[in-house]
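Under our numbering, the letters of the sequence shown match residues 28 to 348, in that order. For reference, the structure is listed below as structure tokens.
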Amino acid sequence: MGRKKIALIGGGQIGGVLVQLIALRQLGDVVLFDIVEDMPQGKTLDIAEAARVDGFDVSVTGTNSYKDIAGADLVVITAGLPRKPGMSRDDLLTTNAKIMKSVAEGVRDNAPNAIVIIISNPLDAMVTLFQKVSGFPTNRVMGQAGVLDSSRFSTFIAWELGVSVKDVNAMVLGGHGDTMVPLTRYANVNGIPVLEMLERKYKDKTKAGEVMNAMVERTKMAGGEVVKLLKTGSAFYSPASSAIAMVESILLDEKRLLPTCALLKGEFGVNGYYVGVPAVLGSNGVERVVELSLNDEEQAALDNSVNAVKKLVEDMDRLGF
Ligand code: APR
């Protein structure tokens, strides 16, 4: 049988946390790839030397050669530059598309059977490019954004209502950018609509709506809020944790329904674009996209977000990627 092999492409901030989380949960043997010489070897040596204290015995190694990712069951990609204060994710397009093209070639040639989760931004465009260059079946290529956006939204709801975040279910759909669509109508605390709880708290429908809108806006800008505080680099703990939820669902065949950047083939009225939607993740990757009824306002917001993704993909085509 042997253990699962997980290759991480990009050994920066997110890559490093991913190695540690995978080791702590013993999800499989990890190979960390980066173009920076010695750095992935150093990071993994550091983490491996904690194995005795942490009590894991998966292997954790670093490399600068794609050959070492051979046979990987799963690949998580974080290669690419993060944002600087004042930048939008879309500003990263040209630089990160160049990087993603080389990564897609490296993964295609060395781990042709892997399921791939991409985290690099601008997310929806990077997933599109990876799939195009690799030619991998679309169920094996997906992006992580919605799990994080939804976790951020859930966190703000939990703080506002004074309840455990463990009981909050809130989903964010659409592209991973300023046009993302937090589904306020479906957000609930163990089944109780968040909007109803806000109305009871404030005894005023207008005020409740305003508070919900403020949480929606904070969710949309949450990545930028962290970038502004960090000053160097962008969020890395929460993106790594979010990807791990997807990794676990795939490797353990959990079939969790998670917001995933997946290729749409007519669902939600969209054809041929990668966008964040609810999807069932299991040992076959994206096993199916789950549709839900949207009212006119929600559908319009999703269409607007899809249009932003389309524009980015067109820009990328025009740049020759
Ligand atoms: N191949 C492999 N790795 C590369 C390449 C390449 N061609 N080019 C750059 N890298 C590596 C860098 O050397 C760096 O170690 O990618 C790593 C990126 O790490 P960080 O700069 O620390 O960025 P991080 O915070 O991990 O974010 C990575 O995820 O959320 C997105 O917007 C974020 O696009 C960014 C990505």
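Positions of the beta carbon are idealized from the N, C-alpha and C atoms, including for glycine.
Excluding the five sequence neighbours on either side, which residues of its own chain have a C-beta within less than 6 Å of the C-beta of V307, listed in chain order?
Close CB contacts of V307 within its chain, under the 6 Å cut and outside five residues either way in sequence, are with K282, L284, E314, R315 (chain order).
Would I219 be called buried (16 or more neighbouring beta carbons within 10 Å of its own) or exposed?
exposed
When the Cβ atoms of the region 112 to 131 are set against those of the region 71 to 83, are three or more pairs found closer than 8 Å?
no
Give me, in chain order, the residues of the same chain whose beta-carbon lies closer than 7 Å to that of A335; leave out the 5 immediate sequence neighbours on both sides.
G202, G204, T206.
Cβ-based neighbour list, V243, same chain, cut-off 6 Å, excluding 5 preceding and 5 following
P209
Taking the CB atoms as reference points, tell me whether V195 and V174 lie closer together than 8 Å.
For the pair V195 and V174, the CB atoms are not nearer than the 8 Å cut-off.
Between the Cα of G55 and those of A214, C288, I33, V238, spot the shortest distance and give me the residue it belongs to.
I33
For the 8 Å Cβ check, are there 3 or more pairs between the region 233 to 250 and the region 289 to 296?
Verdict: no, contact absent.
Can you tell me the Cα-Cα spacing of N303 and S129, whole angstroms?
It should be noted that the sequence gives Gly, not Asn, for residue 303. Using only the alpha carbons, I get a separation of about 24 Å.
With a cut-off of 8 Å on the beta carbons, I'd call I104 and I74 a contact; round off their distance for me.
Going by Cβ atoms, the distance from I104 to I74 rounds to 19 Å, so no, they are not a contact pair.
Three-state secondary structure assigned by DSSP to G303:
strand
Thinking C-beta only, is D61 closer than 8 Å to G38?
yes
With a threshold of 8 Å, are at least 3 pairs of Cβ atoms found where one atom belongs to the region 218 to 236 and the other to the region 317 to 335?
Taking a cut-off of 8 Å for Cβ pairs, the region 218 to 236 and the region 317 to 335 do not touch, as fewer than three such pairs fall below it.
Within the chosen definition, does the region 259 to 275 reach the region 164 to 180 through at least 3 CB pairs nearer than 8 Å?
yes
Simplified DSSP assignment, three categories, for M153
The answer is helix: DSSP assigns M153 an H, G or I state.
With three or more C-beta pairs closer than 8 Å as the rule, is the region 251 to 262 touching the region 108 to 115?
yes
For L321, name the three-state secondary structure that DSSP assigns.
Note: L321 maps to coil in three-state DSSP.
Identify whether R52 lies in helix, strand or coil by the three-state DSSP scheme.
helix
Roughly how many whole angstroms lie between the Cα atoms of V85 and G43?
16 Å
Keeping to the same chain, check which residues put their C-beta closer than 7 Å to that of V190; ignore five residues upstream and five downstream.
V216
For the putative contact between S181 and V168, defined by C-beta atoms under 8 Å, what is the C-beta separation to the nearest angstrom?
Rounded, the Cβ-Cβ distance is 26 Å, inconsistent with contact.
In the DSSP assignment, find the beta strand (DSSP E) that holds V102 and state where it starts and stops.
101 to 104
Beta carbon of T246: closer than 7 Å to some heavy atom of ligand 1?
Incorrect: T246 has no Cβ contact closer than 7 Å to ligand 1.
Closer than 8 Å to chain B by CB, A97
Absent from the structure is chain B; it holds one protein chain and no more.
Buried or exposed (CB count within 10 angstroms, at least 16 for buried), N298:
exposed
Residue(s) in a DSSP beta bridge with K32
D56
Report whether the distance from the Cβ of I62 to the nearest heavy atom of ligand 1 is below 7 Å.
yes
Look up T287 in the DSSP assignment and give the residues it is bridged to.
Paired residues: V304.
Using only the alpha-carbon positions, how far apart do R212 and F83 sit?
Approximately 42 Å between the Cα atoms of the pair.
What's the gap between the Cα of V154 and the Cα of V143?
9 Å
Determine the closest residue to I96 out of N311, L72, P109, V58, with distance taken between C-alpha atoms.
V58
How about A99: is its Cβ closer than 7 Å to a heavy atom in ligand 1?
A99: no, Cβ never under 7 Å from ligand 1.
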